[in-house]
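Structure record follows, encoded as structure tokens.
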Amino acid sequence: MGRYIMALDQGTTSSRTILFDRHGNIVCQASKEFMQIFPKAGWVEHNPEEIWMTQLGTMQEVMKQAQIDGSDIVAIGITNQRETTVVWDKETGKPVYNAIVWQCRRTSEIIDKLVKDGYGETIRNKTGLVPDAYFSGTKIQWILNHVEGAREKAEKGQLLFGTIDTWLMWKLSGGKIHATDYTNASRTMIYNIHELKWDEELLKMLDIPKLMLPEVMASGGMFGYTTTDIVGAKIPISGVAGDQQAALFGQCCFDKGDVKNTYGTGCFLLMNTGKNPVQSKNGLITTIAASTNQVEYALEGSVFVAGAAIQWLRDQMRLVNKAPESEEIARQVEDTGDVYVVPAFTGMGAPYWKQNARGMVVGLTRGSTREHFVRATLESLAYQTYDVLKVMEQDAGVSINKIKVDGGASGNNLLMQFQADISGTEVIRSSVIETTGLGAAYLAGLTVGYWSSKEDIIKNNRVQHVFVPQMDKLEVENRLKGWRRAVRCALLYAEEE
Ligand code: ADP
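The numbers in this note's numbering rise by one with no breaks, and the one at position 213 of the sequence shown is 226.
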């Protein structure tokens, strides 16, 4: 039996391959960036062939670095940027159009029309999603309507649709596998997350032929095998999950009520809600969580601008040279001197949902300094996370007392301590920060018996640091009061012409 699990982590800006050993340690990794294509304002595309070539390239690089051959790889797990849509020809294997990326807003008018026509509730109830151009459904429709001859071919069963996991599996298997997993299917806006099937009514609504859709399987399952020419042996592909669900699994959030938050460009908070899907009253999304047997659900909330606010400090405000420097600068002051920054650069998400809100800085005095400003921007990541946590607690009817964290900005100790203080929760940072790849590896490894059980995996889960709430309750309340006032200013600004 081979020694490693190979995780393919196909992200929005790069393709990565990571080898994990039995202890969940990273043995070797490689990544390659690929081109971001912006044909028009608000449009984002990737070249599916480039996605495949960069992924394959990193697989080969990792094998070379680790000096292993195909027999050393027990199984492959895949995790991917979610919602991004590829349509290709079943015979030739050629994509009929570039991949339309999750960020792409080209179909927002289709969504406006669906909502106007009264489909909003149906979409919410069946898919757990808030109708949005972000999800795959309207992207598939766009390709069928805009690529010459695509619709006729799709109706004859000559075209295939896939999210990136599906596209990669099809390539890895030489066209034998056309499948996806529950977590990726649950982001398409055409999958019924309660009945676990492609939904006829939604397919009709978007005019998408069912023939082009992949088979949907549990995240931990035998999807099929790679061809021998990929890594020199037939390797089982036995775990697949969208990136955020993979991270939830990689963080060992296996129990109902477990929460993780990823601090990247944005923040993604997910709570495992167990066997029952929880319908949010506050604009969170209900989605399927990765699991190896029975279907489990998660509540998901996102903060649009998190690490991006630190990039803004660096690139636009030029107040820091590098993102981690924000910590040193913020430490030079005890607090923000009552300055609050609301980085609503692209509107405000849960629980406010104000698209036309914009950024706000309040509380400035003659004594406000660069340090206060940097600290206030950093703290805004924690306040925004707090806001989503609170609605998650309300929706799920549980109180959250710990959050597992990962992502680039989770390396900031000041921010993590402030998060613990403000939300009154323990903030737990694990030693492996590649939780997305780890989640895919765990799913793949559990399926083939490389790990015998979740307990086996939990033993691997080494905590690097736990931040415990320390701030006085009254102080917390005061600061939150200030944050709420600042948010009210941003909302008010959105109202006034
Ligand atoms: P993504 O996967 O979204 O590209 P990453 O998980 O790589 O994001 O995290 C990068 C983001 O985190 C950037 O937006 C960066 O500004 C921010 N970041 C990285 N390190 C720090 C830090 N020490 N303090 C604050 N923000 C940071």
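Glycine included, each C-beta is placed from N, C-alpha and C at the ideal position.
Here the structure is a predicted model, which means the values were calculated and not measured.
Rounded to the nearest whole angstrom, the C-alpha separation of valine 354 and tryptophan 496 is 8 Å. Inter-residue distance for alanine 259 and glutamate 313 is about 13 Å (C-alpha atoms, whole angstroms). Summarising the contact set, residues whose Cβ lies nearer than 6 Å to any heavy atom of ligand 1 are, in chain order, Gly277, Thr278, Gly320, Ala321, Ile323, Gln324, Ala336, Pro337, Ser339, Glu340, Gly420, Gly421, Ala422, Gly424, Asn425. Among the bridge pairs identified by DSSP, tryptophan 101 is matched with Pro108, Leu173. Judged by beta-carbon spacing, asparagine 285 lies within the 8 Å limit of glutamate 309, meaning their Cβ atoms are closer than that value. In this structure, valine 401 and isoleucine 416 do not form a Cβ contact; the two beta carbons are roughly 11 Å apart against a cut-off of 8 Å. Taking a C-beta distance under 8 Å as the contact criterion, isoleucine 206 and proline 337 do not qualify as a contact pair. Leaving aside the five residues that flank aspartate 408 on each side, the residues in its chain whose CB is nearer than 7 Å to its CB run, in chain order, Val291, Ser293, Lys294, Asn295, Leu297, Leu312. In this chain, the beta strand (DSSP E) harbouring methionine 284 covers 280 to 287. For a cut-off of 8 Å, the C-beta gap from tyrosine 195 to serine 232 is around 6 Å, short enough to register as a contact. Annotated three-state conformation of tryptophan 155 is helix, per DSSP.
Counted as a single uninterrupted DSSP element, the stretch harbouring alanine 163 is not any beta strand (DSSP E) but the alpha helix (DSSP H) occupying residues 163 to 168. Burial check for tryptophan 464: the Cβ neighbour count within 10 Å reaches 16 or more, so the residue is buried. Under the three-pair Cβ rule at 8 Å, the region 313 to 323 counts as touching the region 262 to 280. In this structure, methionine 405 sits away from leucine 326, with a CB-CB distance that is not shorter than 8 Å. An exposed status is given to lysine 126, since fewer than 16 other beta-carbon atoms sit within 10 Å of its beta-carbon.
Along the length of the region 270 to 353, whole beta strand (DSSP E) runs at least 3 residues long occupy 272 to 276, 280 to 287, 298 to 302, 309 to 316, reported in chain order.
Across the structure, lysine 247 and arginine 119 are spaced so that their CA atoms are roughly 40 Å apart. Between valine 87 and isoleucine 39, the CB-CB gap reaches or exceeds 8 Å. Excluding its 5 nearest sequence neighbours in each direction, threonine 179 has C-beta neighbours in its own chain below 6 Å: Thr193, Pro227, listed in chain order. The beta carbon of tryptophan 65 sits closer than 6 Å to those of Lys184, all from its chain and outside the five residues before and after it, given in chain order.
Counting only the Cα atoms, serine 423 lies some 21 Å from threonine 92.
By DSSP's assignment, threonine 193 forms a beta bridge with Val229. Burial is judged here by how many other beta carbons sit within 10 angstroms of a residue's own beta carbon; serine 412 has fewer than 16 and is exposed. Closest in alpha carbon position to valine 352, among Lys139, Arg492, Asp82, is Arg492. In the DSSP assignment, glutamine 42 forms a beta bridge with Ile31.
Aspartate 242 counts as exposed, since fewer than 16 other C-beta atoms from the protein chains shown sit within 10 angstroms of its C-beta. Leaving aside the five residues that flank glycine 263 on each side, the residues in its chain whose CB is nearer than 7 Å to its CB run, in chain order, Thr448, Thr449, Leu451, Gly452, Tyr455.
Approximately 6 Å separates the beta-carbon atoms of lysine 45 and glycine 70; this is inside 8 Å, confirming the contact.
Look at glutamate 439 here: in three-state DSSP terms it is strand. Glycine 410 is classed as exposed because its beta carbon has fewer than 16 other beta carbons within 10 Å across all chains shown. Judged by their CB atoms, leucine 215 and lysine 139 are nearer to each other than the 8 Å cut-off.
Rounded to whole angstroms, valine 333 and serine 339 show a C-alpha spacing of 6 Å. For valine 479, the enclosing beta strand (DSSP E) has its first and last residue at 476 to 480.
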